[in-house]
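Chains as they are written, first to last, in the working numbering: chain Y, 8 to 290; chain H, 8 to 290. Written out below as structure tokens is the structure these notes cover.
Printed below as a string of structure tokens:
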């Protein structure tokens, strides 16, 4: 039976009790509007842990002033059904007022790794992410936390925070889940018009083409970036935010393809800002 | 028998074991060069908790480039003797390399409360303090942590971090311990020359005079600041860094004395930067 907890104090009490019973707690932090990508994390948590907590909280501190905080899709009743069917133990639904009370002023920042990619185009985004994730870790006290590789920079930034601040949690990343035509699952796919939905296929297609190029011997990161840009920009309604061919851990860019390369991109398609990525190993 | 632990992993293991036994852990984080002020915290920990940990680590991230990191007094052998006699359970002596490995880049910052007093004159100081304190909390996992009220802003900043980030630790502040002539105990008192030691008495004397003024009806914070400044500047070798008559919680300054007032000051006396403070309740 899924329990719904809204109070921070009650969540802490639950967690202490479960830990005292010697059980392993898994946490999947989400902003709701759940899709198959979230579900793959939740299923992993259920398989790997004794008790599974899923949090739903649309975190205001990770949205910029011109971003989609107000319109971010909220589908709470459907989410509850999905989580009940998945048979999780606790849905944690904290309020904004409890998480960010008057006078709130403490933040966690990861420095270097947030200077690239989404950190560059969304100032303050990662500060909001690391702060809320640290708070959720302290409230739920999980042994393991699950994050999707679609947000690969986020995953890497959280790993860095956990290592640097000596947090007592294991961070587990899980592969991107895709629609049949390759589009990475995302709550923001709901923003896509019918035409945008078709244009959005170009992200995963361009990543696949780039991988093939590298496998066939292409070594210039500029050539690869240009090829991706062309494939995406020829589709209607697309606007590239960034295309990066970079180191998968520190996100620095190089002129030549190295042994292991991250290709990451962010593209506006209509109202939706979509991201996707792929790690390519040089053969 | 006092155990000395240098490894982060061993410290975590020890803490987990003690907690599993249902015992309450007290932590007093220090930079060593222990004096009666530290000892009062350690005694409180021994009284209030089942197991007492004291950490000694001169934390580089809280020193500015022109500050006294290199010359900060280190008296490890004497400290060990003091702690053995006090009968603590664990002396935690982590290394710089383990706490700040290559690629370290995650920091905690408290925003508003660090804009005043020492935060204003020592940029980056509180970022270093909150970061190391959070790390020590995650490693030692104490139920209660003890801090001295001499560093009142630090105490308040740490309380704010603990509340904002939902940390599972109680922060306990303990009163300033003073020399017979009123000088607040501090490791940095060692920097004082014989003459400087005499001049340094002016800090606590000025605070006492200010308290008397307020009790006698003085309501202008400017008058009080000026009186303190005069008393200190007439002594040899003193240079005022700041004198603040402010709110004890958010450190904002007002023109009129309110019901509860913090008087805080920082003064250079020769090579030593000394701080002292007093809370005055309007009668």
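Glycine included, each C-beta is placed from N, C-alpha and C at the ideal position.
For the stretch 108-118 of chain H against the stretch 111-124 of chain Y, do three or more pairs of beta-carbon atoms, one drawn from each stretch, fall closer than 8 Å, so that the two count as touching? The stretch 108-118 of chain H is in contact with the stretch 111-124 of chain Y.
Which residues in the same chain as residue 235 of chain H place their Cβ atom closer than 8 Å to its Cβ, once the five residues preceding and following it in sequence are excluded? Here residue 235 of chain H refers to the residue found at position 228 of the second chain. Correct list, in chain order: 213, 214, 216, 217, 250, 270, 272.
Between residue 59 of chain Y and chain H, is the shortest Cβ-Cβ distance under 8 Å, so that the two count as touching? In the first chain, counting from the first residue as 1, residue 59 of chain Y sits at position 52. Residue 59 of chain Y has a beta carbon lying at 8 Å or more from every beta carbon in chain H.
C-alpha distance - residue 45 of chain Y paired with residue 34 of chain Y, whole-angstrom precision: Residue mapping note: residue 45 of chain Y aligns to position 38 of the first chain, counting from 1. Residue mapping note: residue 34 of chain Y aligns to position 27 of the first chain, counting from 1. Straight-line Cα distance between these residues: approximately 12 Å.
Under 8 Å (Cβ pairs) to chain H, residues found in the stretch 137-150 of chain Y: Correct list: 137, 138, 141, 142, 145, 146, 148.
Whole alpha helix (DSSP H) runs in the stretch 92-174 of chain Y with 4 or more residues, listed along the chain? You should have 103-106, 124-128, 132-147, 159-171.
Should residue 240 of chain H and residue 247 of chain H be called a contact, given that it needs their Cβ atoms to be closer than 8 Å? The residue you call residue 240 of chain H lines up with position 233 of the second chain. The residue you call residue 247 of chain H lines up with position 240 of the second chain. Contact flag set, yes.
Counting only Cβ pairs nearer than 8 Å, list the residues of chain B close to residue 120 of chain H. This model lacks chain B altogether, as its protein chains are Y and H.
DSSP has residue 34 of chain H in a bridge; who is on the other side? Here residue 34 of chain H corresponds to residue number 27 of the second chain, with the count starting at 1. The partner list for residue 34 of chain H (beta bridge, DSSP) reads H:60, H:152.
Are any of the Cβ atoms in chain H nearer than 8 Å to that of residue 171 of chain Y? Counted from its first residue, the first chain places residue 171 of chain Y at position 164. Yes, because at least one Cβ of chain H sits closer than 8 Å to the Cβ of residue 171 of chain Y.
Chain H contacts made by the stretch 165-190 of chain Y, where a contact means CB separation under 7 Å: Here the close residues are 167, 168, 171, 172, 173, 174, 175.
Would you grab the beta carbon distance between residue 148 of chain H and residue 22 of chain H for me? Rounded to a whole angstrom, and I think it's under 8 Å. Counting from one through the second chain, the residue named residue 148 of chain H turns up at place 141. Counting from one through the second chain, the residue named residue 22 of chain H turns up at place 15. Under the criterion of beta carbons closer than 8 Å, residue 148 of chain H and residue 22 of chain H qualify as touching, at roughly 5 Å.
Given a threshold of 16 other Cβ atoms within 10 Å of its Cβ, counted over all protein chains shown, does residue 58 of chain H qualify as buried or as exposed? Reading the second chain from its first residue, position 51 is the one you call residue 58 of chain H. Burial call: buried.
Would you mind reading off the limits of the beta strand (DSSP E) that contains residue 11 of chain Y? Locating residue 11 of chain Y in the first chain gives position 4, counting from the first residue. For residue 11 of chain Y, the enclosing beta strand (DSSP E) has its first and last residue at 10-12.
Do residue 242 of chain H and residue 193 of chain H count as a contact pair if the criterion is CB distance below 8 Å? Start at 1 with the first residue of the second chain, and residue 193 of chain H comes out as number 186. Start at 1 with the first residue of the second chain, and residue 242 of chain H comes out as number 235. In this structure, residue 242 of chain H does not lie closer than 8 Å to residue 193 of chain H by Cβ.
Listed by chain order, chain H residues near residue 43 of chain Y by CB distance under 8 Å: The sequence position of residue 43 of chain Y within the first chain is 36, counting from 1. Those within 8 Å of residue 43 of chain Y in chain H number zero; the least Cβ separation is about 31 Å.
Determine whether the beta carbon atoms of residue 157 of chain Y and residue 139 of chain Y lie at a separation below 8 Å. Locating residue 157 of chain Y in the first chain gives position 150, counting from the first residue. Locating residue 139 of chain Y in the first chain gives position 132, counting from the first residue. Taking 8 Å as the Cβ cut-off, residue 157 of chain Y and residue 139 of chain Y do not qualify as a contacting pair.
Roughly how many whole angstroms lie between the Cα atoms of residue 153 of chain H and residue 56 of chain H? Stepping through the second chain from its first residue, residue 153 of chain H is reached at position 146. Stepping through the second chain from its first residue, residue 56 of chain H is reached at position 49. Taking the straight line joining both Cα atoms gives about 11 Å.
What does residue 97 of chain H reach in chain Y if we use C-beta pairs closer than 9 Å? Reading the second chain from its first residue, position 90 is the one you call residue 97 of chain H. Within 9 Å Cβ-Cβ: nothing; residue 97 of chain H doesn't reach chain Y, min ~16 Å.
Mind checking residue 101 of chain Y: buried by the 16 CB within 10 Å criterion, or exposed? Locating residue 101 of chain Y in the first chain gives position 94, where the first residue counts as 1. Classification of residue 101 of chain Y: buried, given that the 10 Å Cβ count is 16 or more.
For residue 85 of chain H, the residue or residues it bridges with in DSSP: Within the second chain, numbered from 1, the residue matching residue 85 of chain H stands at position 78. Under DSSP, residue 85 of chain H takes part in no beta bridge, so it has no partner.
To which residues of the same chain is residue 65 of chain H closer than 6 Å at the C-beta, ignoring the five residues directly before and after it? Here the question's residue 65 of chain H lines up with position 58 in the second chain. The residues are 38, 79.
6 Å Cβ shell around residue 53 of chain Y - same chain, five flanking residues per side excluded: Taking the first chain and counting its residues from 1, the one referred to as residue 53 of chain Y is at position 46. When the five nearest sequence neighbours on each side are left out, the beta carbons in the same chain lying within less than 6 Å of the beta carbon of residue 53 of chain Y are those of 59, in order along the chain.
Range covered by the alpha helix (DSSP H) that runs through residue 226 of chain Y: Taking the first chain and counting its residues from 1, the one referred to as residue 226 of chain Y is at position 219. Neither: residue 226 of chain Y is in no alpha helix (DSSP H) and is coded neither H nor E.
For residue 206 of chain H, which three-state DSSP category applies? Here residue 206 of chain H is taken as the residue at index 199 of the second chain, counted from 1. Residue state, collapsed to three classes: helix.
Since residue 54 of chain H is in the alpha helix (DSSP H), which residue starts that stretch and which ends it? Position 47 of the second chain, counted from the first residue, corresponds to residue 54 of chain H. Start and end: 43-55.
Where the beta strand (DSSP E) through residue 180 of chain H begins and ends: Residue mapping note: residue 180 of chain H aligns to position 173 of the second chain, counting from 1. Segment 177-181, the beta strand (DSSP E) holding residue 180 of chain H.
Report yes or no: is there a C-beta of chain Y within less than 8 Å of the C-beta of residue 63 of chain H? Indexing the second chain from 1 puts residue 63 of chain H at position 56. No, residue 63 of chain H lies away from the interface with chain Y (no Cβ there is under 8 Å from its Cβ).
Give the interface partners of residue 15 of chain Y over in chain H, defined as CB-CB distance under 8 Å, in chain order. Walking along the first chain from the start, residue 15 of chain Y turns up at place 8. Those within 8 Å of residue 15 of chain Y in chain H are 173.
Can you name, in chain order, every residue of its own chain whose Cβ lies under 8 Å from the Cβ of residue 97 of chain Y, other than the five neighbours on each side? Taking the first chain and counting its residues from 1, the one referred to as residue 97 of chain Y is at position 90. If we look at residue 97 of chain Y and ignore the five residues flanking it on each side, its Cβ neighbours are 9, 10, 11, 12, 18, 21, 58, 59, 60, 61.
According to DSSP, simplified to helix, strand and coil, what is residue 269 of chain H? Locating residue 269 of chain H in the second chain gives position 262, counting from the first residue. It is a strand residue.
Using the three-state DSSP reduction, which class does residue 196 of chain H fall into: helix, strand or coil? The residue given as residue 196 of chain H occupies position 189 in the second chain. When DSSP states are grouped into helix, strand and coil, residue 196 of chain H belongs to the helix group.
Proximal residues of chain Y, C-beta to C-beta of residue 117 of chain H below 7 Å: By one-based count along the second chain, residue 117 of chain H stands at place 110. Among the residues of chain Y, those whose CB is under 7 Å from the CB of residue 117 of chain H are 112, 113, following chain order.
For residue 253 of chain H, write down the residues that DSSP places opposite it in a beta bridge. What you label residue 253 of chain H is simply residue 246 of the second chain in a count that begins at 1. DSSP lists H:260, H:269 as partners of residue 253 of chain H.
Residue 43 of chain Y classed as buried or exposed, judged by whether at least 16 other C-beta atoms fall within 10 angstroms: In the first chain, counting from the first residue as 1, residue 43 of chain Y sits at position 36. Exposed, by the Cβ-count rule.
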